[in-house]
Structure formats: structure tokens, C-alpha cells
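Okay, structure first, notes after.
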Amino acid sequence: MKSLLGAVFAVAVFSTTTFAANTPADSQPGNANASVSETATRVTVRGSEVREFDLAKLQARARVAYVSSGPRTLSGRMIDNDLQTVFRFSESDKSPTVIVELAQSAKLHRVSTVFKAEDARVDVYLLSELPKDVADLQFAKPDASIVELPDEHGMVTVDFQVSSARYVALRWNRNRWREPFAVAEISAFSNDSTDSNFDDSARLADNSKTIAALEPPLVPVVSP
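Encoded structure:
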């Protein structure tokens, strides 16, 4: 009995083996040394694109749970996915603070914010519950900090290890606190949507893994 010699090649998802219809002379009928020709089809499978969701948005049912100063009724401007609307803290607020409550606990890996460019330190906290006294944040260790941003920059993005959080708190420690201070947007990113009907407008695809200060769009002057 003729024996079939060969190896099965597994390439990507599957492979195919094709037996030659016309074989060399030494494989003509009656030749006991007949051989089998094999070919493998290589299939390249591209991985699925990683989806990223901004959960600190009104579209994702987030809300601003606390602001240290300014008109609270306008605090939603910081999470409305619109850089043309801004929220103004009081000029006398040395440490403007905001806490955003997500629709539910989520695994976050990035927080970003757009605000009036000035020299300041920004502390970012990921919280599982709302603190009883927000002033306690000044004694807590932040999950990330950005120190002394260049005056001409206004957007910062901070990446950290994936952490579960229900609240995202940001506190700015200002060096020039007798001047107006405005925040245009706050974002908190996760690879998991908390809602199957999540608004696609709140989905972003930037997957860089750095801490960076970026040039923000111009923040217009808008009266409260």
C-alpha cells in the first residue's frame, strides 16, 4: 500500500493541503515510489481594533457630582463633549476641584482634561465612593499628578494601570489664582462600554500610552 508522507501546516486560522494532479515521472502508475506534492495556503488575520470609550460624558450618563466654586448649574459643560463650552471656577479659588460621577464603576486607564493654559499642578484621583469631605482630597495620594505645565499648553493626558473607579476627581493647584480659570472638557477612558447602546460620538481611538501635555484648541470666552 502506498504511504502518504507529509506534515500538516497550521497557519493563522486554517491551512489547506492540495495534492498534485500531475506528478513527476517517478510517480507514474506502477511506480512504488510515487510522491505527493503538498502546498499550504497562508492566511493573515488582522486583530480587531481596540475600542476606547470616554465614560466621563453626558452621553454616557455621567454627571458632575461636585465643583469647588463657580455656577454649579453650568458644570455639565465640562463633560458635554463640546470644546466650545467652558466652565469657570471662581477667580479666588486656589485649588479648583471637580468630581465626575460615572454611570457605574468602570475599569479606567486614561484621564484627560482641557483647561485654560497656565502653570499649575493637576492631581487626578480615581475613587470608588464619594468622599464625605472633599477637602480630604488634599491629604490623599493622587493616582497621577502633572506638575508645572507650560503656560502655552492646556490639555493633559495621563495614562495609568487599569483601575476600577466610580468617581474621577481632578484638583488644580494654581500658582496664579487671582485670574479667571476655565475648564472646557474632562474625559475618562475605558476599553469596556458600560452600555451596549453607548453613543458612538463618545468613542475615541487614540491608544497612546504616554503622559503628555498637548496644545489644546482655543477656548472661547463664553458668558455664564
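If you count the sequence shown from 1, position 39 lands on 643 in my numbering, and the numbers rise without skipping. Think of the CB as a built atom: it goes at the ideal place given N, C-alpha and C, for glycine as much as any other residue.
Neighbour-count burial assignment, residue i, 16 or more Cβ in a 10 Å radius
i	result
Val-823	Model confidence at Val-823 stands at a pLDDT of 49, short of 50, so the residue's coordinates are unreliable and nothing is read from them.
Thr-717	buried
Thr-814	Residue placement at Thr-814 is poorly supported in this model, since its pLDDT is 33, which falls under 50; the coordinates still yield a value, given next. Thr-814 is exposed by the Cβ-count criterion.
Asp-804	Model confidence at Asp-804 stands at a pLDDT of 49, short of 50, so the residue's coordinates are unreliable; what they give is reported in the following sentence. The residue in question, Asp-804, is exposed, as its Cβ has fewer than 16 Cβ neighbours within 10 Å.
Val-751	exposed
Asp-737	exposed
Leu-706	buried
Leu-734	exposed
Ser-607	Because Ser-607 carries a pLDDT of 43, less than 50, the predicted location of this residue cannot be relied on, and the following value inherits that uncertainty. It counts as exposed.
Cβ-based neighbour list, residue i, same chain, cut-off 8 Å, excluding 5 preceding and 5 following
i	result
Arg-782	Glu-695 and Ser-696
Ser-673	Phe-693, Ser-694, Ser-696, Asp-697 and Pro-700
Ser-749	Arg-725, Val-726, Asp-727 and Val-728
Beta-bridge pairing of residue i - partner residues as DSSP gives them
i	result
Met-682	None, per the DSSP bridge assignment.
Ser-768	Lys-711
Thr-717	Val-760 and Ile-790
Ser-749	Asp-727
Glu-593	There is simply no residue 593 to check, as the chain begins at 605 and stops at 828 in what is shown.
Asn-777	Arg-725
Phe-743	Phe-743 pairs with nothing; no bridge assigned.
Arg-692	Ala-786
Closest Cα partner of residue i within the set the options
i	options	result
Arg-681	Ser-797, Asp-796, Ser-791 and Asn-795	Ser-791
Arg-714	Gln-708, Ala-707 and Val-728	Val-728
Ala-739	Ala-721, Val-702, Asn-779 and Gln-765	Val-702
Ala-660	Gln-708, Asp-737, Ala-748 and Val-760	Gln-708
Asp-686	Ser-749, Pro-784, Lys-720 and Leu-662	Leu-662
Ala-721	Lys-736, Arg-780, Arg-667 and Ser-797	Arg-780
Tyr-670	Leu-741, Gln-688 and Ala-710	Leu-741
Phe-793	Leu-678, Ala-710 and Gln-688	Ala-710
Expected contact under 8 Å - CB spacing of residue i and residue j to nearest Å
i	j	result
Arg-655	Asn-795	6 Å
Phe-719	Ala-788	6 Å
Val-668	Val-704	6 Å
Any C-beta of chain D under 8 Å from that of residue i
i	result
Val-738	Among the chains of the structure shown, chain D does not appear; only one protein chain is present.
Neighbourhood of residue i by C-beta distance below 7 Å, restricted to the same chain and skipping five residues each side
i	result
Leu-730	Leu-712, Asp-747, Ser-767, Ala-769 and Val-772
Ala-806	Reliability of the predicted coordinates at Ala-806 is poor, the pLDDT of 46 falling under 50, and no value is obtained from them.
Ala-666	Leu-659, Ala-660, Ile-683, Val-704, Glu-705, Leu-706 and Ala-707
Contacting residues, own chain, Cβ-Cβ under 6 Å from residue i (five flanking each side not counted)
i	result
Gln-765	none
Trp-776	Pro-700, Ala-724 and Val-726
Ser-797	Phe-657
Distance cut-off 7 Å: residue i Cβ against heavy atoms of the ligand GDP
i	result
Ala-710	Looking for the ligand GDP in the displayed structure turns up nothing, as the structure carries no ligands at all.
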